[in-house]
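Trainee: I have a structure I would like to understand better, so I am pasting it below and will then ask my questions one at a time.
Right, here's the structure in full:
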């Protein structure tokens, strides 16, 4: 399983919180790349609900990672 920012961004509009099956269904309905679906299928499913992409890919960059100072504008 590998994630890139581009692949993970395909789940930005997913119906969080969601189960593994719900995320796979969302990815298929939105025509996400096959790599996204394959990555989701590789998740060990214990029936848990995921609150956000960070629970699936802990390295997902947050707003703070881009060093954008909103106060300047």
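Residue numbers (the working numbering): 48 to 120. For every residue, glycine included, the Cβ atom is placed at its ideal position computed from N, Cα and C.
Rounded to whole angstroms, how far is the Cβ of residue 82 from the Cβ of residue 58, which I believe are closer than 8 Å?
Mentor: Going by Cβ atoms, the distance from residue 82 to residue 58 rounds to 12 Å, so no, they are not a contact pair.
Trainee: Please identify the residue among 88, 96, 91, 80 whose C-alpha is closest to the C-alpha of residue 52.
Mentor: The candidate whose alpha carbon is nearest that of residue 52 is 80.
Trainee: Taking just the CA atoms, how far does residue 67 sit from residue 78?
Mentor: For residue 78 and residue 67, the distance between alpha carbons rounds to 17 Å.
Trainee: According to the neighbour-count rule (16 or more other Cβ atoms, all chains shown, within 10 Å of its Cβ), is residue 49 buried or exposed?
Mentor: Under this definition residue 49 is an exposed residue.
Trainee: Go through its chain and collect everything with a Cβ distance to residue 96's Cβ below 6 Å, but skip five positions before and after it.
Mentor: Closer than 6 Å at Cβ, skipping near neighbours: 64, 66.
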